[in-house]
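J.: First residue of the sequence shown? That's 3 in our numbering, and the numbers climb one at a time after it.
Ideal Cβ positions, reconstructed from N, Cα and C, are used throughout, including at glycine.
My questions will all concern the structure given below.
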Amino acid sequence: MIKVSEAGALCTVQGSSRRGVAHLGVCRAGPLDSSAAALANLLLGNPPQAACLELIAGPLRLECTQTQWLCVTGTGFVLSVEPGQQRVNAGWPIQLQAGESLLLNNSQSSGTAYIAVAGGFAVPRVLHSTSTDLAAGFGGLEGRTLRRGDTLVVTALRQQETCAYHRYGVQRPSAPPLLRAIPGPEHDLLDPQRREQFWRGRWLLSTQFNRMGCRLQPHTPVANPDTAAAPQALGKLASHAVLPGTVQWPADGQPLVLLADAQTTGGYPRVASVIQADLWRLAQLPRNSTIRFERCTEVQAVAALRQQRAQLYRFTLALAKARGNLAAGSN
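Put into structure tokens, the structure is as follows:
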């Protein structure tokens, strides 16, 4: 078991996303950065969608009651093993002995970390997923964020499954400050000046960030805001379907990008949709960093997602081959 000695404001258990339940008003949930979560799991020999911890706002201190292998991926956190304050690296498996703790501290106001344990965290599946749905209050650990005093059960492993964990790690590139997006259903309801601002302007990723979405602020406000205001028609839309990646345009001109815990319907104009292959960047970019949008097509969006999945598949095969060679050499 693993005890939670200290927990920040936003640490949850996340596994796979929930699909096919939007008609019930249930959000998708799942990791904001699914590739980072998958890498942490794969480095420990887990299935890529095994239940892990997602940490957006630290600190987090996990104490082991017995020897465990953990792996942390993502950005924005400093890792150390206690006692002794021994610094350790993200992207590599970490062995903790009974009584030792892993501490994650925010190094800056940025990033999202994923903490996997060999075997995976043992939590019940709800609607085909172990992920926490904070709004509905189910999934993960009692449908809530982690707090001090919680105990996390770990799925038991055979001893031979842990022999090669320390040999392989990964260093992932930083998130580029670019979001490729497809124009949304209400895109053309924006006046030309607003459309120009959206696609050619720069945006600040504000500190108003959680699992439901994040707010963007214009790097340079539009001149003559009274004349450039969004048409009144934008404020009279009926509720419509929204998804993770939907970019909503409220009356204040500060777009909202919806993320994994996004509601299933909304009434703000849907001016664009960030492609699935780029959504992880919002989870890993520093708050108050400058980003911009790049227009793309549906065909390009599908190609980008296929490329992303192919990269993860190649990593999975390479890791399996390396471990297979190691096992063969030890016989």
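With the cut-off set at 7 Å, would you say glycine 139 and valine 128 are in Cβ contact?
T.: no
J.: First and last residue of the beta strand (DSSP E) that includes valine 284?
T.: The amino acid at residue 284 is misidentified as valine; the sequence shows leucine. Unbroken run through leucine 284 is the alpha helix (DSSP H), 282-286; no beta strand (DSSP E).
J.: Pop quiz: glycine 32 and alanine 262 are said to be a contact at Cβ under 8 Å. What is the actual Cβ separation, rounded to whole angstroms?
T.: 5 Å
J.: Mind checking whether glycine 247 and valine 273 have CB atoms under 7 Å apart?
T.: no
J.: Give the DSSP-derived three-state secondary structure of glutamate 300 in the structure shown.
T.: DSSP places glutamate 300 in helix when its eight states are reduced to three.
J.: DSSP on tryptophan 71, reduced to helix/strand/coil?
T.: Of the three classes helix, strand and coil, the one that applies to tryptophan 71 here is strand, per DSSP.
J.: Expressed to the nearest angstrom, what Euclidean distance is found between the alpha-carbon atoms of threonine 75 and proline 179?
T.: 19 Å
J.: Rounded to whole angstroms, what is the Cα-Cα separation between glutamine 161 and glycine 122?
T.: Unreliable positioning characterises glutamine 161 in this predicted model, as indicated by a pLDDT of 49, which lies under 50. The coordinate reading is nonetheless provided below. Cα-Cα distance, rounded: 15 Å.
J.: Taking the straight line between their C-alpha atoms, what separation do you get for leucine 34 and leucine 281?
T.: 8 Å
J.: Spatial neighbours of alanine 8 within its chain, please: CB distance less than 7 Å, with the 5 preceding and 5 following residues excluded, ordered by chain position.
T.: According to the sequence as given, residue 8 is glutamate; it is not alanine. Around glutamate 8: Pro61, Leu62, Arg63 and Arg150.
J.: Return helix, strand or coil for glutamate 198, following the three-state DSSP convention.
T.: helix
J.: From the DSSP output, read off the bridge partner residues of lysine 5.
T.: Under DSSP, lysine 5 takes part in a beta bridge, and its partners are Glu65 and Thr153.
J.: For the alpha helix (DSSP H) that contains asparagine 91, what are its first and last residues?
T.: Element bounds for asparagine 91: n/a, residue is neither H nor E.
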